[in-house]
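2 protein chains.
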Amino acid sequence: MKELPIHIQLDPDSGLTLYEQIYEYIRNEIRTGNLLRNEKLPSARFLSEYLQVSRTTVDMAYGQLVAEGYVESQPRRGYFVSAFEELYALEQGRQETVTESVNENDTSVTYCDFSPNAIDMRFFPYATWKKITKNTLVDANSHMFSLGEPQGDASLRETICRYLHGSRGVNCTPEQIVIGAGNDYLLVLLEKILGRHIPVAMENPTYVRAYRIFRSFAYPVPLVPADENGMRVDCLRKTGAQAAYVMPAHQYPLGVSMPIGRRMELLKWASEAPERYLIEDDYDSEFRYKGKPLPSLQASDADGRVVYIGTFSKAIAPAIRISYMVLPYPLLKRYRERCGFYSSTVSRIDQTILNEFIRDGYFERYLNKMRKRYREKHDLLLNGLKPLEQAFLISGSNAGLHIVLMDRKGRSEDALAQAAMDAGVKVYPMQDYRIEKADSEEPARMILGYGALTPDEIVRGVEILKRIWA
Amino acid sequence: MKELPIHIQLDPDSGLTLYEQIYEYIRNEIRTGNLLRNEKLPSARFLSEYLQVSRTTVDMAYGQLVAEGYVESQPRRGYFVSAFEELYALEQGRQETVTESVNENDTSVTYCDFSPNAIDMRFFPYATWKKITKNTLVDANSHMFSLGEPQGDASLRETICRYLHGSRGVNCTPEQIVIGAGNDYLLVLLEKILGRHIPVAMENPTYVRAYRIFRSFAYPVPLVPADENGMRVDCLRKTGAQAAYVMPAHQYPLGVSMPIGRRMELLKWASEAPERYLIEDDYDSEFRYKGKPLPSLQASDADGRVVYIGTFSKAIAPAIRISYMVLPYPLLKRYRERCGFYSSTVSRIDQTILNEFIRDGYFERYLNKMRKRYREKHDLLLNGLKPLEQAFLISGSNAGLHIVLMDRKGRSEDALAQAAMDAGVKVYPMQDYRIEKADSEEPARMILGYGALTPDEIVRGVEILKRIWA
Chain V
0 MKELPIHIQL
10 DPDSGLTLYE
20 QIYEYIRNEI
30 RTGNLLRNEK
40 LPSARFLSEY
50 LQVSRTTVDM
60 AYGQLVAEGY
70 VESQPRRGYF
80 VSAFEELYAL
90 EQGRQETVTE
100 SVNENDTSVT
110 YCDFSPNAID
120 MRFFPYATWK
130 KITKNTLVDA
140 NSHMFSLGEP
150 QGDASLRETI
160 CRYLHGSRGV
170 NCTPEQIVIG
180 AGNDYLLVLL
190 EKILGRHIPV
200 AMENPTYVRA
210 YRIFRSFAYP
220 VPLVPADENG
230 MRVDCLRKTG
240 AQAAYVMPAH
250 QYPLGVSMPI
260 GRRMELLKWA
270 SEAPERYLIE
280 DDYDSEFRYK
290 GKPLPSLQAS
300 DADGRVVYIG
310 TFSKAIAPAI
320 RISYMVLPYP
330 LLKRYRERCG
340 FYSSTVSRID
350 QTILNEFIRD
360 GYFERYLNKM
370 RKRYREKHDL
380 LLNGLKPLEQ
390 AFLISGSNAG
400 LHIVLMDRKG
410 RSEDALAQAA
420 MDAGVKVYPM
430 QDYRIEKADS
440 EEPARMILGY
450 GALTPDEIVR
460 GVEILKRIWA
Chain Y
0 MKELPIHIQL
10 DPDSGLTLYE
20 QIYEYIRNEI
30 RTGNLLRNEK
40 LPSARFLSEY
50 LQVSRTTVDM
60 AYGQLVAEGY
70 VESQPRRGYF
80 VSAFEELYAL
90 EQGRQETVTE
100 SVNENDTSVT
110 YCDFSPNAID
120 MRFFPYATWK
130 KITKNTLVDA
140 NSHMFSLGEP
150 QGDASLRETI
160 CRYLHGSRGV
170 NCTPEQIVIG
180 AGNDYLLVLL
190 EKILGRHIPV
200 AMENPTYVRA
210 YRIFRSFAYP
220 VPLVPADENG
230 MRVDCLRKTG
240 AQAAYVMPAH
250 QYPLGVSMPI
260 GRRMELLKWA
270 SEAPERYLIE
280 DDYDSEFRYK
290 GKPLPSLQAS
300 DADGRVVYIG
310 TFSKAIAPAI
320 RISYMVLPYP
330 LLKRYRERCG
340 FYSSTVSRID
350 QTILNEFIRD
360 GYFERYLNKM
370 RKRYREKHDL
380 LLNGLKPLEQ
390 AFLISGSNAG
400 LHIVLMDRKG
410 RSEDALAQAA
420 MDAGVKVYPM
430 QDYRIEKADS
440 EEPARMILGY
450 GALTPDEIVR
460 GVEILKRIWA
């Protein structure tokens, strides 16, 4: 038997599952350089026999390593350690239940609306929320009706800090967190912090709302092409951008998860000049249906170049207007000087309710439930679409609340969307998310969100699409 | 008997009190030009005999006319119609119960803290708020957890519109109202609407928080002296300002109520050039203890030059982060173009609770109660300070939650504040509210707020001040 580069001592009492132990071991070997770049890993079948574990266990570990970009799967050749520019210290915390999702309502009436912005509120624990609210509003808590700290209540910032470290590997202290009423407001604060006329690079297509907000600041927004790994750093370099807005966990709308190599390239770009920053919008990172959630880009940031933005408006409900921003220290200093005195935009009552909802474990439970529900919908949708695989390449799956179908038959996005609409099904053409129109040679891409749909609606919608798009 | 210029038909069945009928009649005669500027009015004693009403009734009517600036009281000469530049159509709605007050906590511990920023939350109807909250959070209302309109929910905007018209004479439609999480946020939006490098004139002393916010936009802020009628328009003209920030109902911290003449001058200044605006911060206008609340400046604005800003954060509780801004149509158009797509910063749940609180009459009842409480404190404080009247001129009374004491004996603000502090009483020197220091010749002024104090605390605090400041 050939000498294996893998010498794992599996420990059934370690508190970690077997797949986690395998994953952690290999990741660590890559980080420490014991496994070299481009080195071939044993096949999953071989490793499962060697370690006396099920094939599924090894598949899950490899799948996670591939998803995070440490390992590449090459068709018919096997698994190889990725070749990325440089290894920054990756601080990743324990896995925890995490979620996020997307908001906004579409009021158009159709038979089945594959909106990528809608979430499922049917399972929200209204009774629990009401109970916490009731307990919060007791007379003894009248201090709650006074104005709180501009950055947000210290106890909620502590809770968010722990949560972000545990679930997203974010490294920060509570004092680096600024709580605000929604992402848009946080970007408005960020303008005050970064200053005027800052060119912020974005992918094309991207999250159009953020683009419009940057443009409302009169920021130049150079557009950078994205490939299957996300924003192309070679193109970013040519733009003269001072900041780049990215969604490494699950790019919106492309659905790309940025592998570790591209992340390292981005961080390297940021560290090459003073005052370069990455704005990480971690909008739906916690809905991951295969393996662990990917750690945040901020988790790999050794140089204080990442502004991390997340939101509970989306994880819990769009109406809960609570988002948060983690500022690296130099920007925190500037925040305090320039706009640290702006009153908090979130009421202390709402902050207190949210804090208890997270602290008492309700949030974790709700996320677990929703991840399960969304996974069921995700699987139902992908299985249903299998007969369409000859007509479309499906991507962006295994995470978030939407997938992307790329047409293989040269049809136009308009034609595909119109055909669906005529049959009572609303789908979302990629062109709506492009700041600049694509080449006409670009194949048509359609976005299908499934967050708010019931299983029945998905089945019916898929049946129609199969009929009209086959 | 000399021919009187007053021919009122008092009607006991009109639904208006006698004093209201007298007030309305004379105001109308002035507006329509039947009473000429500088014309002398009959004495209060004479009019009360002539109309067969009590002297108090006439005093109240005259007091209201003086407070609103239609009439001037000249010592030992009597009452005269004011001489103001121009009469704009004054649209003033019915009188209703209204309140507002000021926020922020001071954490310094003293025996008695005359903070002008603290309000009394002891009588807040927590149980009612809780009840409404509970009813709002029923499962059937799950749409509440979705994201609402950027400007705020239509039903709340309608409620605010009616409220502002009834209580403050504000003329607007619900579509002109933008709801946001606090005044600071509304000013941030206003920057997007007005544009960059807009010189905004402010009084000195003024509301320092607003000054700091304008400076954080890099707006030039020319300072304009105020006299006993408020911002001096002759000085404003020399500044090149494009906007002026004023608090006509009860200037903070001077306590001045701007009479109608000065208001007209301000409106005239605004209308003399394109793109000139008045920002009216109506922060505590509804607490008026003598006669009616003064109508807003916006109520006299025939030309679309006033941006009216008010807040429930203060009227109800600082933690309720709900403020509103009434935009004239040209600015509303620009708001929609430039930042109308920013997501609302106030949760729909909070908007719904507030809407029901107002709509079902709880707000009115609470304001009535608080006006009574604050009036008692106001009277207690003023009566208690009477023995100090030789040492101080007291101003800024009859409205809001603070008064101003001007020293007649050449003492310094520092000395007065320190003496009080040494005795365990915290008072607030005017210099803390000045953007630029006053001439050393300026007499010392001390601010005494009473909003959060109990009657006992006021009595004890006043006793101490009498002892050390006499």
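Chains as they are written, first to last, in numbering that gives the first Met the number 0: chain V, 0 to 469; chain Y, 0 to 469.
From the three backbone atoms N, C-alpha and C, an ideal C-beta is built for every residue, glycine too.
None of these values were measured; they are calculated from a predicted model.
Review point. Can you check whether the CB of A240 of chain V is closer than 7 Å to the CB of A269 of chain V?
Key: No.
Review point. Is it buried or exposed for G179 of chain Y, if we count other Cβ within 10 angstroms and need 16 for buried?
Key: Buried.
Check your understanding: Under a three-way DSSP split, which group does R444 of chain Y fall into?
Key -> Correct three-state label for R444 of chain Y: strand.
**Study point:** Close beta carbons around A43 of chain V, own chain, < 8 Å, minus the five adjacent residues each side
**Key:** Close CB contacts of A43 of chain V within its chain, under the 8 Å cut and outside five residues either way in sequence, are with R54, V57, D58, Y61, Y78 (chain order).
Check your understanding: Counting only beta-carbon atoms, is F362 of chain Y nearer than 7 Å to chain V?
Key -> Closer than 7 Å to the CB of F362 of chain Y there is not a single CB belonging to chain V.
Check your understanding: Where V80 of chain V and Q51 of chain V are concerned, what is the direct C-alpha to C-alpha distance, given to the nearest angstrom?
Key -> Approximately 23 Å between the Cα atoms of the pair.
Check your understanding: To which residues does DSSP link D406 of chain V through a beta bridge?
Key -> Its beta-bridge partners are V:F391.
Practice item. State yes or no: is the beta carbon of Y341 of chain V nearer than 7 Å to at least one beta carbon in chain Y? Key: For Y341 of chain V, the answer is yes, since a Cβ of chain Y falls inside 7 Å of its Cβ.
Review point. Any Cβ of chain V within less than 7 Å of the Cβ of E287 of chain Y?
Key: Per the sequence shown, the amino acid found at residue 287 of chain Y is Arg instead of Glu. R287 of chain Y does not count as touching chain V.
Exercise for review: Give a yes or no on whether the minimum CB-CB distance between K129 of chain V and chain Y is below 7 Å.
Suggested key: So yes, K129 of chain V belongs to the interface.
Review point. For the alpha helix (DSSP H) that S47 of chain V lies in, which residues bound it at each end?
Key: Run containing S47 of chain V: 43-50, per the alpha helix (DSSP H) assignment.
Check your understanding: Using the beta-carbon of each residue, which ones in chain V are nearer than 8 Å to R211 of chain Y?
Key -> Against chain V, a Cβ distance below 8 Å from R211 of chain Y picks out F340.
Review point. Within 7 Å (strictly less), CB to CB, does R433 of chain V reach chain Y?
Key: Not an interface residue.
**Study point:** For A88 of chain V, the three-state DSSP class (helix, strand or coil)
**Key:** Low confidence applies here, because A88 of chain V scores a pLDDT of 32, under 50, leaving its location unreliable and the question unanswered by this model.
Review point. R287 of chain Y bridges to which residues according to DSSP?
Key: The partner list for R287 of chain Y (beta bridge, DSSP) reads Y:A398.
Practice item. With DSSP as the reference, label K133 of chain Y as helix, strand or coil. Key: K133 of chain Y: helix per DSSP, three-state reduction.
Point to revise | Span separating the alpha-carbon of D105 of chain Y from that of P149 of chain V | key: Bear in mind that a pLDDT of 40 at D105 of chain Y, under 50, signals an unreliable position, so the number given afterwards is only what the model happens to contain. Those two C-alpha atoms are separated by around 15 Å.
Point to revise | is_contact[R93 of chain V, chain Y] using C-beta, thresh 7 Å | key: The pLDDT assigned to R93 of chain V is 25, lower than 50, so where the model puts this residue is not dependable, and the model offers no usable value.
Practice item. Put I528 of chain V into one of helix, strand or coil per three-state DSSP. Key: The structure shown has nothing for residue 528 of chain V, since chain V only spans 0 to 469.
Practice item. Could you say which of V:H401, V:F362, V:E363 lies nearest to L379 of chain V if we only look at CA atoms? Key: It is V:H401.
Review point. For chain V, is any of its Cβ atoms less than 7 Å away from the one on V187 of chain Y?
Key: The beta carbon of V187 of chain Y sits closer than 7 Å to some beta carbon of chain V.
Check your understanding: Using a beta-carbon distance cut-off of less than 7 Å, what residues from the region 63-74 of chain V approach chain Y?
Key -> Hits within the stretch: zero.
Exercise for review: Quick one: give me the first and last residue of the alpha helix (DSSP H) that V345 of chain V is part of.
Suggested key: Careful: V345 of chain V lies outside any alpha helix (DSSP H) and carries neither H nor E.
Review point. Do the region 276-286 of chain Y and the region 302-322 of chain Y make contact, defined as three or more Cβ pairs closer than 8 Å?
Key: Enough Cβ pairs lie closer than 8 Å, so yes.
Point to revise | Beta carbon proximity, T98 of chain V to chain Y, threshold 7 Å | key: Confidence at T98 of chain V is low in this model, with a pLDDT of 27, below 50, so the placement of that residue is unreliable and no value is reported for it.
Point to revise | Any chain Y beta carbon closer than 7 Å to G309 of chain V | key: No, because no Cβ of chain Y sits closer than 7 Å to the Cβ of G309 of chain V.
Review point. Below 7 Å between beta carbons: does that hold for G450 of chain V and A217 of chain V?
Key: Judged by their CB atoms, G450 of chain V and A217 of chain V are not nearer to each other than the 7 Å cut-off.
Practice item. Can you give me the Cβ contacts of M230 of chain Y inside the same chain, cut-off strictly under 6 Å, excluding the 5 residues immediately before and after it? Key: So the qualifying residues of the chain are E202, V223, V245.
Practice item. For T453 of chain V, return the contacting residues in chain Y, with the cut-off set at a CB-CB distance below 8 Å. Key: None at all; the shortest Cβ gap to chain Y is about 14 Å.
Check your understanding: So what's K332 of chain Y in DSSP terms, helix, strand or just coil?
Key -> Residue state, collapsed to three classes: helix.
Review point. Of all the CB atoms in chain Y, is at least one closer than 7 Å to the CB of I352 of chain V?
Key: Chain Y contact via Cβ: absent.
**Study point:** Residues of the region 153-173 of chain V whose Cβ lies closer than 9 Å to any Cβ of chain Y, in chain order
**Key:** The region 153-173 of chain V vs chain Y, Cβ under 9 Å: nothing.
Check your understanding: For a contact meaning CB atoms closer than 8 Å, what does K191 of chain V contact in chain Y?
Key -> Simply S215.
Check your understanding: In chain order, which alpha helix (DSSP H) runs of at least 4 residues are fully inside the region 148-191 of chain Y?
Key -> Complete alpha helix (DSSP H) runs here, min 4: 153-167.
Exercise for review: Go ahead and label Y334 of chain Y buried or exposed: buried means 16 or more other beta carbons lie within 10 angstroms of its beta carbon, across all protein chains shown.
Suggested key: Buried: at least 16 other Cβ atoms inside 10 Å.
Point to revise | Inter-residue spacing [alpha-carbon to alpha-carbon] between R433 of chain Y and L163 of chain Y | key: Roughly 31 Å separates the two Cα atoms.
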